[in-house]
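Under UniProt numbering, the first residue of the sequence shown carries the number 1, and numbering increases by one thereafter.
Ideal Cβ positions, reconstructed from N, Cα and C, are used throughout, including at glycine.
This structure is a prediction, so every number in the text was calculated from the model and none was measured.
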Amino acid sequence: MQGSIDSHIEGIVQNILEDSVGTKGEGVYLVAMTVKGSAVHRKIEVILDADSGVRIDQCSFFARRIRERLEEDEALSGTMGEDFDLVVGSPGLGEPLVLRRQYGRHVGRLLRVWYRDTEGVEHEVAGHLQAVSLTEGGGSITLKPQTAKKKGRQEETEDMTLELDAVSRAVPEAEI
Numbered sequence: 001m002q003g004s005i006d007s008h009i010e011g012i013v014q015n016i017l018e019d020s021v022g023t024k025g026e027g028v029y030l031v032a033m034t035v036k037g038s039a040v041h042r043k044i045e046v047i048l049d050a051d052s053g054v055r056i057d058q059c060s061f062f063a064r065r066i067r068e069r070l071e072e073d074e075a076l077s078g079t080m081g082e083d084f085d086l087v088v089g090s091p092g093l094g095e096p097l098v099l100r101r102q103y104g105r106h107v108g109r110l111l112r113v114w115y116r117d118t119e120g121v122e123h124e125v126a127g128h129l130q131a132v133s134l135t136e137g138g139g140s141i142t143l144k145p146q147t148a149k150k151k152g153r154q155e156e157t158e159d160m161t162l163e164l165d166a167v168s169r170a171v172p173e174a175e176i
């Protein structure tokens with residue numbers, strides 16, 4: 001039953017996002033959604049993003065729309081309970097990138113990336129994202145790896161290109 005509730009709520013969220021064309025919510029997409037708790041009290045967490053980043057006013061815009069639809073939905077009335085928490089936000093710094101589409105807005109920023117080489121050995125690299133190439137079946141990213149400074153100057157490194165299929169995790173990091 002929980003799985004069908006989750007998919008029903010996700011369908012409602014997707015419909016709201018699709019209906020937002022021409023509004024302040026245009027261009028926003030669903031990254032992740034979780035539904036926790038029991039019929040007595042549920043917590044729904046919706047993570048949204050956009051190619052240019054999500055603003056606070058967009059999160060509140062979608063929170064209102066989602067809450068209205070959930071409260072009006074007859075199929076959920078008996079299974080949601082009257083008391084539920086709804087949290088609508090955007091991925092924070094340090095949160096892993098979940099969708100390929102998210103890489104584009106991090107060009108120029110520092111990423112920590114875990115990837116597997118052709119032998120299947122996992123590696124970790126931190127570097128500035130230089131470029132993103134998304135194709136129908138895959139894509140790649142180009143990083144300029146960070147190196148340790150030696151005697152006051154930074155050593156030059158060559159850019160490295162990684163196929164997105166080889167990337168197991170990528171996390172934006174703060175620069176200090």
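inquiry  = Pop quiz: valine 167 and alanine 131 are said to be a contact at Cβ under 8 Å. What is the actual Cβ separation, rounded to whole angstroms?
reply    = Working through the sequence shown from its first residue, we reach residue 167 at position 167. Working through the sequence shown from its first residue, we reach residue 131 at position 131. Beta-carbon to beta-carbon, valine 167 and alanine 131 are separated by about 14 Å, too far to satisfy the 8 Å threshold.
query = Does the beta-carbon of valine 40 have 16 or more other beta-carbons within 10 angstroms, so that it is buried, or is it exposed?
reply = On the sequence shown, position 40 is the one that residue 40 refers to. Flag for valine 40 reads exposed.
request  = Return the chain-ordered list of same chain residues with a C-beta closer than 7 Å to the C-beta of leucine 99, the five sequence neighbours on each side being excluded.
outcome  = As a position in the sequence shown, residue 99 is number 99, starting the count at 1. Around leucine 99: Val31.
key: Simplified DSSP state of valine 13, which is helix, strand or coil   = Within the sequence shown, the letter at position 13 stands for residue 13. Correct three-state label for valine 13: helix.
ask   = Based on the DSSP secondary-structure assignment, which residues constitute the bridge partners of valine 115?
value = Within the sequence shown, numbered from 1, the residue matching residue 115 stands at position 115. A quick correction: the sequence has tyrosine, not valine, at residue 115. Per DSSP, His123, Val167.
key: Alpha-carbon to alpha-carbon, glutamine 102 and threonine 135   = Numbered from its first residue, the sequence shown carries residue 135 at position 135. Numbered from its first residue, the sequence shown carries residue 102 at position 102. Roughly 14 Å separates the two Cα atoms.
query = Alpha carbon to alpha carbon, how far is isoleucine 16 from serine 133?
reply = As a first step, residue 16 must be located in the sequence shown, where it is residue number 16. As a first step, residue 133 must be located in the sequence shown, where it is residue number 133. About 29 Å.
Span separating the alpha-carbon of methionine 1 from that of methionine 160 = As a first step, residue 1 is located in the sequence shown; it is residue number 1 there, counting from the start. As a first step, residue 160 is located in the sequence shown; it is residue number 160 there, counting from the start. Confidence is the limiting factor: at methionine 1 the pLDDT is only 49, short of 50, which leaves the residue's position unreliable, though a coordinate-based value still follows. When only Cα atoms are considered, methionine 1 and methionine 160 end up about 46 Å apart.
inquiry  = So, does the region 110-121 touch the region 57-75, judging by three or more C-beta pairs under 8 Å?
reply    = With a cut-off of 8 Å, the region 57-75 and the region 110-121 do not count as touching, because too few Cβ pairs lie within range.
task = Find the nearest neighbour of glutamate 173 within the set Gly104, Leu111, Pro91, Val13, judged by alpha-carbon distance.
result = What you label residue 173 is simply residue 173 of the sequence shown in a count that begins at 1. The alpha carbon of glutamate 173 has as its nearest neighbour, out of Gly104, Leu111, Pro91, Val13, the alpha carbon of Leu111.
message = Going by the DSSP bridge assignment, what does lysine 43 pair with across the sheet?
response = Residue numbering aside, residue 43 sits at position 43 when the sequence shown is read from its first letter. Paired residues: Lys36, Asp85.
query = Does the distance from the C-beta atom of proline 145 to that of valine 121 stay below 8 Å?
reply = Position 145 of the sequence shown, counting from 1, holds the residue named residue 145. Position 121 of the sequence shown, counting from 1, holds the residue named residue 121. In this structure, proline 145 keeps its C-beta atom at 8 Å or more from the C-beta atom of valine 121.
ask   = So what's isoleucine 5 in DSSP terms, helix, strand or just coil?
value = If you number the sequence shown from 1, residue 5 lands on position 5. Helix at isoleucine 5.
Nearest-angstrom Cα separation, counted from glutamate 119 out to leucine 93 = Taking the first residue of the sequence shown as 1, we reach residue 93 at position 93. Taking the first residue of the sequence shown as 1, we reach residue 119 at position 119. Going by C-alpha positions, leucine 93 is about 31 Å away from glutamate 119.
task = State the start and end residues of the unbroken alpha helix (DSSP H) segment that holds isoleucine 66.
result = In the sequence shown, residue 66 corresponds to position 66, counting from 1. Boundaries of the alpha helix (DSSP H) around isoleucine 66: 56-72.
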